[in-house]
Amino acid sequence: MNAGHAYRGRFAPSPTGPLHEGSLVAALASWLDARAHGGRWLVRIEDVDLARCRPGLDRVILDQLARCGLVPDEPPLWQSTREPLYAQALERLLAADLAYPCACTRKDIDTALAARGVSHQRHGERVYPGTCRGGLNGRAVRSWRLRIGGDAALVHWTDRRLGPQQQDVAREVGDFVLRRIEAKGIGTTYQLAVVVDDAAQGITHVVRGEDLADNTPRQILLQRALALPTLSYLHTPLVLATDGQKLSKQTGAKALDLSDPLAALQAAAALLGLPALPAPTLADWLAAAVRAWPWRPA
Ligand code: GLU
């Protein structure tokens, strides 16, 4: 299969809980898209945020995937083993003055925003006011941020499912954190880790839940800053809880019932718009699902 020859996709769970219905949708979609393109499918365990990750859940997730017949084509990668790479990427950005150290606490940021008449909404994202852009003024470094340039901050991209998208990252997010000093040492944020590893693993296509879509422009800016290729993105529909909230551990998502893996896959497939498929065995069903996958290569 020529066109799909170089396709490399991935599923990148954070081991903060076992797979639930929503994460199975993303896993199945990324696997189907890789197979429909004749590509390879990898699994990366995103365990950079050690405060939120729970030991042993990586194995639980890999086992859940295997029970669904979703087996990675290469050994999984654990982000917790890759801090030196993230440190190197930050060094490159600092050397190019594309990143800078920041001394601000949340409170400092809120105070600076309030001084400009911007009140911070309780759960909203704080747009960093740029206090440390010109230097730390003798204060101690707490984190490192990407320096987002004016015009370059308007990012346009086309999602394979959602269509044309755009975001002004300077206005909507601001200079965001790449790494930060934590009680246990230096921690890397999801944004930096995901960009470094997608590139290091030669990923070409990202297929993941729609809740992550608004991270894409940040990741594209980081790819540009690090002179890395921009990837193809497909964000899959979310499974909503009965109250319309995104399904997550916080909204009470239950671990998947995998006593019948095929039934769990069929439910995930229905959400992805696949028709009911004949399924004498799990393997037959997966093969039929690859053929029925709506986002096939042209
Ligand atoms: N680790 C992220 C999550 O579980 C997904 C990252 C990604 O697919 O880019 O939400």
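Last residue of the sequence shown: number 307 in our numbering, and the count goes up by one each step with no gaps.
Quick reminder that beta carbons are idealized off the backbone N, C-alpha and C, glycines included.
Note that the structure is a prediction, hence the values are computed from the model and not measured.
Which term fits G172, buried or exposed, when burial requires 16 or more other beta carbons within 10 angstroms of its beta carbon?
So G172 ends up on the exposed side.
Measuring CB to CB, does Q88 end up less than 8 Å from R53?
Closer than 8 Å, so yes.
Run the proximity test for V69: is its beta-carbon closer than 7 Å to any non-hydrogen atom belonging to the ligand GLU?
It does not: the Cβ of V69 is nowhere closer than 7 Å to a heavy atom of the ligand GLU.
Measuring only the C-alpha atoms, how far is A35 from H214?
C-alpha separation (whole angstroms): 13 Å.
Could you work out which residue in T25, L281, L59 and R91 is closest to A209 when comparing CA atoms only?
Per the Cα distances, R91.
Once the 5 residues before and after F20 are set aside, which same chain residues still bring their CB inside 6 Å of it?
The residues are A36, S39 and V52.
What does R17 pair with, by DSSP beta-bridge criteria?
For R17, which the question treats as bridged, DSSP gives the partners R49.
Is V34 near the ligand GLU, with its Cβ less than 7 Å from a heavy atom?
No.
Is G31 buried or exposed, if buried means 16 or more other CB atoms sit within 10 Å of its CB?
G31 comes out buried.
If distances are taken between C-alpha atoms only, which option among Q176, Y95, G133 and P138 comes closest to T114?
Of the candidates Q176, Y95, G133 and P138, the one whose C-alpha sits nearest the C-alpha of T114 is P138.
What does the alpha-carbon distance come out to for the pair A236 and A105?
Cα to Cα, the separation comes out at about 12 Å.
Tell me whether R169 counts as near the ligand ATP, meaning its Cβ is closer than 7 Å to at least one heavy atom of that ligand.
Within the structure as shown, the ligand ATP is missing, the only ligands being the ligand GLU.
Drop a sphere of 10 angstroms on the beta-carbon of Q175, count the other beta-carbons inside from all chains shown, and report buried for 16 or more, exposed for fewer.
Classification of Q175: exposed, given that the 10 Å Cβ count is below 16.
Just to confirm, does L221 get its C-beta within under 7 Å of one of the non-hydrogen atoms of the ligand GLU?
L221 Cβ: within cutoff of the ligand GLU.
Between the Cα of I212 and those of E83, L295, D58 and D72, spot the shortest distance and give me the residue it belongs to.
Looking at the Cα atoms, E83 is the closest of the given residues.
At what residues does the beta strand (DSSP E) containing W153 begin and finish?
Looking at the DSSP string, the run of the beta strand (DSSP E) that includes W153 is S152 to L155.
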